[in-house]
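Peer 1: The structure is given below, and queries will be raised subsequently.
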Amino acid sequence: MKNIFAKKRPKLGLALGSGGAKGMAHLGALRAFWEAGLRFDVYSGTSAGSIVGALCARGYTPDDIGELLASADFKSVVLSVLASGSTLPVLRLLDGALGEYEFSELSKPFAAVATDASTGERVILREGNVAQAVLASSAVPPLFRGVSVGGRTLIDGAFSDAIPADVAKDLGADFVIAVALSPAQNYAETRFTTSAGEEMAVRQKGFLSADILLEPDLAEFSAADIAGGARMYDIGYECAAERLPSVLQALQSRGYLVRG
């Protein structure tokens, strides 16, 4: 494995934001990081980001994830969900990739972010079944029904924290790179009227905790734009590749010695 660090190696965290089908950009960014020799020790994710983060923490490489997505019939899954409102097709898809894995069995620390459907409170999932947690983090109403976890009904984590960089820090990361699939300022908007000030603080803490924030330009795509996957992948790759010099410079400024 390529090691770009000459001496002190930081514990690197990757926080992956929400965005539905725009999550293909996460895979492109991962590819660029991988080619540069960056290997992450900690993952956090919301919604689409939780799916990619969980697969990475499970031990999947960018190529592995690409093959998985290419082989899965996502169109039929989406149509099935639209017709029935059931999350079972998606759960089966996740089970195929994540099996019965518990968080404690993952290769790397990982956390998924969901939202309490009743209060709007952010819920950080770090225990129990990984596939169930990812499903809760990705449950966008009304497409998906809420998912019951620990006696609470949970929905998509984007309602409370779309870029959970602070969660990666809490998991032990020294340096966190976050990938936002929509402009970060959009994530400061609140979705629940209760405790709005507190929620705003949590949402801002999420992305403001990132040491490097990548924002690939995906404005032309929607969260449901499955057909644009290949182009979004390329945009994610290009964004990460362009920012690599600043990533390495930031690491050096924190005292991490990077090989030339």
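Take UniProt numbering: the last position of the sequence shown gets the number 260, and nothing is skipped along the way.
We treat Cβ as the ideally placed atom computed from N, Cα and C, and that holds for glycine.
CB-CB under 6 Å to A40, same chain, minus the five flanking residues each way: which ones, in chain order?
Peer 2: Along the sequence shown, read from residue 1 onward, the residue named residue 40 stands at position 40. Correcting the residue identity first, residue 40 is Phe in this sequence and not Ala. L12, L14.
Peer 1: What residue range does the beta strand (DSSP E) around G53 cover?
Peer 2: Within the sequence shown, residue 53 is the residue found at index 53, counting from 1. Segment 48 to 58 is the alpha helix (DSSP H) holding G53; no beta strand (DSSP E) there.
Peer 1: By how many angstroms is the C-alpha of F144 removed from the C-alpha of R243?
Peer 2: Reading the sequence shown from its first residue, position 243 is the one you call residue 243. Reading the sequence shown from its first residue, position 144 is the one you call residue 144. In a straight line, the C-alpha of R243 is about 35 Å away from that of F144.
Peer 1: I'd like to confirm the pairing. Which residues does DSSP put opposite I155 in its beta bridges?
Peer 2: Along the sequence shown, one-based indexing puts residue 155 at 155. In the DSSP output, where bridge partners are listed per residue, I155 has T115.
Peer 1: In terms of residue numbering, what span does the beta strand (DSSP E) encompassing F175 cover?
Peer 2: Counting from one through the sequence shown, the residue named residue 175 turns up at place 175. Taken as a continuous stretch (DSSP letters only), the beta strand (DSSP E) holding F175 covers 175 to 179.
Peer 1: Quick check: A133 and V176, are their CB atoms within less than 7 Å of each other?
Peer 2: Residue mapping note: residue 133 aligns to position 133 of the sequence shown, counting from 1. Residue mapping note: residue 176 aligns to position 176 of the sequence shown, counting from 1. No, the Cβ-Cβ distance between A133 and V176 is not below 7 Å.
Peer 1: Could you give the first and the last residue of the continuous alpha helix (DSSP H) run that contains I235?
Peer 2: Residue numbering aside, residue 235 sits at position 235 when the sequence shown is read from its first letter. Here the alpha helix (DSSP H) through I235 covers 229 to 253.
Peer 1: State the Cα-Cα distance for the pair G197 and L208, rounded to the nearest angstrom.
Peer 2: Within the sequence shown, the letter at position 197 stands for residue 197. Within the sequence shown, the letter at position 208 stands for residue 208. In this prediction, G197 has a pLDDT of 46, which is less than 50 and means its spatial position is unreliable; nothing more can be read from the coordinates.
Peer 1: Whole angstroms is fine: what's the gap from G23's alpha carbon to R231's?
Peer 2: If you number the sequence shown from 1, residue 23 lands on position 23. If you number the sequence shown from 1, residue 231 lands on position 231. When rounded, the distance between both Cα atoms is 12 Å.
Peer 1: Tell me A15's beta-bridge partners as DSSP assigns them.
Peer 2: Residue mapping note: residue 15 aligns to position 15 of the sequence shown, counting from 1. Paired residues: S44, A178.
Peer 1: Going along the chain, which residues of its own chain have a beta-carbon closer than 6 Å to the beta-carbon of T115, five neighbours each way excluded?
Peer 2: Along the sequence shown, read from residue 1 onward, the residue named residue 115 stands at position 115. Closer than 6 Å at Cβ, skipping near neighbours: I155, G157, F159, S160.
Peer 1: Does the region 107 to 127 come close enough to the region 135 to 149 to have 3 or more Cβ pairs within less than 8 Å?
Peer 2: As far as the Cβ criterion goes, the region 107 to 127 touches the region 135 to 149, which means the pair count is three or higher.
Peer 1: If you draw a straight line from the C-alpha of A83 to the C-alpha of P142, how long is it?
Peer 2: Within the sequence shown, residue 83 is the residue found at index 83, counting from 1. Within the sequence shown, residue 142 is the residue found at index 142, counting from 1. Bear in mind that a pLDDT of 48 at A83, under 50, signals an unreliable position, so the number given afterwards is only what the model happens to contain. Approximately 12 Å, taken between the alpha carbons.
Peer 1: Thinking C-alpha only, which one of G53, I124, S44 is nearest A97?
Peer 2: Position 97 of the sequence shown, counting from 1, holds the residue named residue 97. Out of G53, I124, S44, the CA that lies nearest to the CA of A97 is found in G53.
Peer 1: Once DSSP output is grouped into helix, strand and coil, what is the label at R126?
Peer 2: Locating residue 126 in the sequence shown gives position 126, where the first residue counts as 1. The answer is coil: DSSP assigns R126 none of H, G, I, E or B.
Peer 1: Which class does F137 belong to by DSSP, given the choice of helix, strand or coil?
Peer 2: Within the sequence shown, residue 137 is the residue found at index 137, counting from 1. The sequence given here places Ser at residue 137; Phe does not occur at that position. In the structure shown, the three-state DSSP call for S137 is helix.
Peer 1: Determine the DSSP secondary structure at I65, reduced to helix, strand or coil.
Peer 2: Counting from 1 along the sequence shown, the entry for residue 65 is found at position 65. If DSSP states are grouped into helix, strand and coil, I65 belongs with the helices.
Peer 1: In whole angstroms, what is the alpha-carbon distance linking Y237 and A25?
Peer 2: Residue numbering aside, residue 237 sits at position 237 when the sequence shown is read from its first letter. Residue numbering aside, residue 25 sits at position 25 when the sequence shown is read from its first letter. A direct Cα-Cα distance of roughly 7 Å separates Y237 from A25.
Peer 1: So what does DSSP say about E102, is it helix, strand or coil?
Peer 2: Translated into the one-based positions of the sequence shown, residue 102 becomes position 102. In the structure shown, E102 falls within a strand segment according to DSSP collapsed to helix, strand and coil.
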